[in-house]
Structure formats: C-alpha cells, structure tokens
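Numbering (the UniProt record's numbering), first residue to last: 1 to 320. One structure is given here, and the rest of the page talks about it.
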Amino acid sequence: MRIDQITVDQMRTVVCIADEGGFTPAADRLGQSQSSLSRTVALVEKAVGTRLFDRTTRSFATTATGEEFLRTARSVVGHYDRAVNNFRAFLDGPSGALRIATLPSLAATLLPAFIHRFHQRFPRVTVDLLDLKAADIIDLCRRGEVDLAITAQDADLAVDLPPGFRFDAVAEEDFACILPEDHPLTARDSVDWADLADQPFISFTRASSVRRITDRAFAAAGLAAARTVSAGTISAVAGLCAAGLGVSAVPGFVVPMTRIAGVVTRPLPAGDTTRHIGVLQDTGRTPSPAVTEFLTLLGDPADDGLRLPEYTRWTGLRRS
C-alpha cells in the first residue's frame with residue numbers, strides 16, 4: 001500500500017491509539033479487537049516505511065515519525081469530519097441567519113406570514129428583520145450588509161436603484177386617504193387628490209418614500225397640499241388625523257397600521273401612485289440556500305391563505 005492510499009478510517013485509528021495511550025484502551029473505545037488495531041497500524045507503517053509507535057509490555061511511546069504522521073492525520077480527519085457535517089447540514093436544509101431589510105409597513109403586515117412559514121420549514125435559520133426607511137434599505141444593500149431587501153418601487157426608486165441590483169415585484173398597493181371618523185369626506189365611497197388639497201393635510205417627513213409619492217400626486221393634479229403638521233412615523237400621522245388636525249394619504253400596506261380609534265379610510269384613484277412591492281437583490285452575489293428558499297416562498301402567485309390588507313394585491317415573485 002502506498003502512502004497516498006492510507007484511508008481516513010486508518011488515520012482515525014492511529015489517532016485514537018495515540019490519544020488513548022495504547023492499543024488496549026483504544027480497542028475498548030473503538031469496539032474492536034487489539035489484533036484488528038495491530039493489523040491497521042501495520043498496514044500504515046508499511047506504507048510510511050517506518051514504525052509509528054514503540055511499545056513493549058511495559059511502555060508505549062510515539063516515534064518521531066509517528067508524531068509527524070499524527071499532525072497530518074489529525075488535520076485530514078478534522079477536515080473530513082467538517083466537510084461531511086457541512087454536507088449533512090446541506091441535505092438537512094438551510095441553516096445560519098437570513099438578514100432581511102424592509103419597510104416598517106411590510107415588516108408588520110406582509111412579511112410575518114412568510115417568515116412564519118419559512119421558520120416552520122427551516123427552523124435552524126434565524127431571521128433578522130430590519131424595518132427601515134427606503135433610503136436606509138438602499139444604503140444597506142449597497143454595503144452588502146443584508147441578504148435581501150423587500151421594499152416598494154416607485155419612479156424615484158428606479159433612479160435610486162444601485163448599479164448591479166434588480167427589483168422583482170411580488171405585490172402592488174394603492175393609496176388610501178385616512179380621515180377623522182367625523183369628517184364630511186367619510187360620506188363618500190372614494191376620494192380624489194383634489195378633495196384632499198382642500199383639507200389640512202398631515203404629511204410624512206421628506207425622508208419618507210410616502211412623502212415623495214404624495215407630493216408627486218398633488219403636483220400631477222396641479223395642486224398643492226395645505227400642510228399643517230408633518231410626522232416621521234405611521235402611528236404619529238394616524239394619531240394626528242384621529243385628533244382632527246387634518247387628513248392624510250398612505251399606501252395599502254400601511255393602512256392596517258393606521259387602524260386606531262377615530263380614523264377611517266377611503267380609496268384614492270389608482271394609477272401613478274400605485275406602488276410595486278418586491279425583492280431587491282444584488283445580481284453579482286450568489287444567493288445563499290436560505291435566500292433561495294425564502295424567494296421560493298414568495299414565488300407562488302396564488303399564495304393560498306395569505307391575508308392581504310385592503311387596497312393591496314398579491315402577484316407572486318415575477319422576475320423582470
């Protein structure tokens with residue numbers, strides 16, 4: 001037998017004999033006879049060309065060649081065991097962490113059902129969900145600090161999209177106005193932007209992706225909002241509306257987060273303000289198994305059992 005024909009099992013046997021300090025304890029540990037271990041060592045020593053152990057009835061020691069062989073054997077056995085464990089984990093399914101950046105509205109309304117379903121299938125994967133503003137999501141994607149992002153696309157996002165990234169839609173959302181429950185506009189089945197321009201308007205701050213769309217909608221109609229107060233969070237805007245300070249407009253996946261006492265919603269015209277919700281990915285980065293499995297969950301256009309908010313529609317993952 002040549003030295004390159006020594007097997008991993010033979011190396012493992014030699015390592016065990018050295019670790020146990022002799023053939024007798026090694027035989028007990030491995031559940032083999034001493035004669036079987038002696039034959040294995042003899043084959044390895046023949047391949048190496050010299051003795052690995054010096055032993056008598058009273059002493060046991062590793063030779064200099066044996067020490068060098070043990071360093072190699074430990075390395076080979078260690079690499080082999082890690083490789084086998086990694087492959088076994090691959091067969092068992094994804095593990096590790098899945099880091100997702102998304103908008104606060106999607107973190108609260110759309111993604112929980114998918115994350116729950118994903119966790120049931122792949123319990124060894126930890127999901128880190130980061131709910132951020134649209135601009136911060138783009139920044140994390142640029143820096144490669146998230147595995148994928150689920151965000152909203154409008155005309156401005158097409159401009160902001162980092163080079164080498166793609167956006168694939170999974171859903172759509174229309175805008176709705178939010179009104180104090182005693183507001184005259186609640187008598188209508190729907191409201192348009194001209195109606196809102198005549199009212200005190202509670203706006204989101206300029207850093208918000210919602211603000212960009214409402215500004216554009218008013219401008220497209222040749223109107224300007226009569227802003228009274230601006231706020232940075234959904235709950236604050238809803239609370240201000242409930243207090244009677246004015247009206248506002250939010251996209252469909254935000255609507256459930258405005259359901260506080262004293263607020264009602266009415267649909268706004270669909271069209272230029274409709275937002276596409278989708279996955280933002282780096283095309284130059286090979287997706288991990290966890291990412292691939294999560295995208296598979298997003299790929300069903302029917303998605304039976306998914307409860308979507310009013311003013312939203314599910315399309316399933318569509319590759320552009």
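Positions of the beta carbon are idealized from the N, C-alpha and C atoms, including for glycine. Predicted model, so just to flag it, every value in this text is computed and none were measured.
- [ ] Give the straight-line distance between the Cα atoms of LEU268 and ALA221, rounded to the nearest whole angstrom.
- [x] Using only the alpha carbons, I get a separation of about 13 Å.
- [ ] Locate the alpha helix (DSSP H) running through VAL291, then write down its first and last residues.
- [x] 289-297 is the extent of the alpha helix (DSSP H) around VAL291.
- [ ] Taking all protein chains shown into account, decide if ARG148 is buried (16 or more other Cβ within 10 angstroms of its Cβ) or exposed.
- [x] It should be pointed out that residue 148 corresponds to Leu in this sequence rather than to Arg. LEU148 is buried by the Cβ-count criterion.
- [ ] Could you spell out where the beta strand (DSSP E) holding SER230 opens and where it closes?
- [x] That run of the beta strand (DSSP E) goes 226-231.
- [ ] Count the other CB atoms, across all protein chains shown, that sit within 10 Å of the CB of ALA219; report buried if there are 16 or more and exposed otherwise.
- [x] Classified as exposed, ALA219 has fewer than 16 neighbouring CB atoms from the shown chains inside 10 Å of its CB.
Open item on the list: Please state the DSSP three-state secondary structure of ILE17.
Closed with: In the structure shown, ILE17 sits in a helix (DSSP, three-state: H, G or I).
Open item on the list: Taking 8 Å as the threshold (C-beta atoms), are ALA197 and ALA225 in contact?
Closed with: Yes; because the gap between Cβ atoms is below 8 Å, this pair is in contact.
Open item on the list: Using a 10 Å radius around the Cβ and a threshold of 16 neighbouring Cβ atoms, would you call MET11 buried or exposed?
Closed with: Burial call: buried.
Open item on the list: Between the stretch 115-130 and the stretch 96-104, can you find at least three pairs of beta-carbon atoms closer than 8 Å?
Closed with: Touching, per the Cβ criterion.
TODO: Kindly indicate which three-state DSSP category GLU310 falls into: helix, strand or coil?
DONE: Coil.
- [ ] Select from HIS183, VAL170, ALA135 the residue whose C-alpha is nearest the C-alpha of ALA207.
- [x] Minimum Cα-Cα distance from ALA207 among the listed residues HIS183, VAL170, ALA135 corresponds to ALA135.
Task: Straight-line gap, THR312 to ASN86 (C-alpha atoms, nearest Å) - done: Answer to the nearest angstrom: the Cα atoms are 41 Å apart.
- [ ] Quick one: using the 10 Å Cβ neighbour count with 16 as the cut-off for buried, is GLY49 buried or exposed?
- [x] It counts as exposed.
TODO: Tell me where the beta strand (DSSP E) around HIS116 begins and ends.
DONE: For HIS116, no beta strand (DSSP E) segment is defined; the enclosing uninterrupted segment is the alpha helix (DSSP H) at 111-121.
Task: Distance CB(VAL250)-CB(VAL191) smaller than 8 Å - done: It is not a contact, given that the beta carbons lie outside the stated cut-off.
Open item on the list: At the level of alpha carbons, what is the spacing between ARG212 and PRO180?
Closed with: Rounded to the nearest angstrom, the two C-alpha atoms are 23 Å apart.
Task: Delimiting residues of the beta strand (DSSP E) encompassing PHE23 - done: Element bounds for PHE23: not the beta strand (DSSP E) but the alpha helix (DSSP H), 23-30.
TODO: Check whether the Cβ atoms of VAL254 and SER105 lie closer than 8 Å to each other.
DONE: In this structure, the beta-carbon distance from VAL254 to SER105 falls below 8 Å.
TODO: Can you give me the start and stop residues for the alpha helix (DSSP H) that GLU45 sits inside?
DONE: If you look at GLU45, you'll find it in the alpha helix (DSSP H) that goes 34-48.
- [ ] Give me the Cα-Cα distance between THR233 and ILE150, rounded to the nearest whole angstrom.
- [x] Put simply, the backbone Cα of THR233 is about 19 Å away from that of ILE150.
Open item on the list: If you follow the alpha helix (DSSP H) that ILE3 is in, where does it begin and where does it stop?
Closed with: Looking at the DSSP string, ILE3 is not in any alpha helix (DSSP H), and its letter there is neither H nor E.
Open item on the list: Runs of 4 residues minimum, wholly inside the stretch 71-95: which ones carry the alpha helix (DSSP H) assignment?
Closed with: If we require 4 residues or more, the stretch 71-95 turns out to have no alpha helix (DSSP H) run fully inside it.
- [ ] Could you pull out every residue in the same chain whose Cβ sits closer than 6 Å to the Cβ of ARG88, ignoring the five residues on either side in sequence?
- [x] Here the set comprises nothing.
Task: Cutoff 7 Å; reference MET1; Cβ partners in own chain excluding five residues on either side - done: Answer for MET1: LEU43, LYS46, ALA47, listed in chain order.
Open item on the list: Give me, in chain order, the residues of the same chain whose beta-carbon lies closer than 6 Å to that of ARG142; leave out the 5 immediate sequence neighbours on both sides.
Closed with: Only residues of its own chain outside the window of five on either side were considered, and among them PRO162 have a CB closer than 6 Å to the CB of ARG142, listed in chain order.
Task: DSSP three-state assignment for ARG216, whether helix, strand or coil - done: If DSSP states are grouped into helix, strand and coil, ARG216 belongs with the helices.
Task: Closest residue to residue 343 among HIS183, THR258, PHE294 (Cα-Cα distance) - done: Nothing about residue 343 can be reported from this structure: the residues present for the chain run from 1 to 320 only.
Open item on the list: For a test of the three-state rule: what should DSSP assign to ARG186, helix, strand or coil?
Closed with: Looking at the sequence provided, one finds Thr at residue 186 rather than Arg. Assignment of THR186 by DSSP, reduced to helix, strand and coil, places it in the helix class.
Task: Residue of VAL170, ARG275, ARG74 minimising C-alpha distance to THR315 - done: Distances from the alpha-carbon of THR315 to those of VAL170, ARG275, ARG74 put VAL170 closest.
TODO: Could you tell me if VAL84 is buried or exposed, where buried requires 16 or more neighbouring beta carbons within 10 angstroms of its beta carbon?
DONE: Exposed, since its Cβ has fewer than 16 Cβ neighbours within 10 Å.
Open item on the list: Looking at ALA194: is its Cβ nearer than 8 Å to the Cβ of THR273?
Closed with: Taking 8 Å as the cut-off, the beta carbon of ALA194 is found no closer than this to the beta carbon of THR273.
Task: Local conformation of ALA270 per DSSP, three classes - done: Coil.
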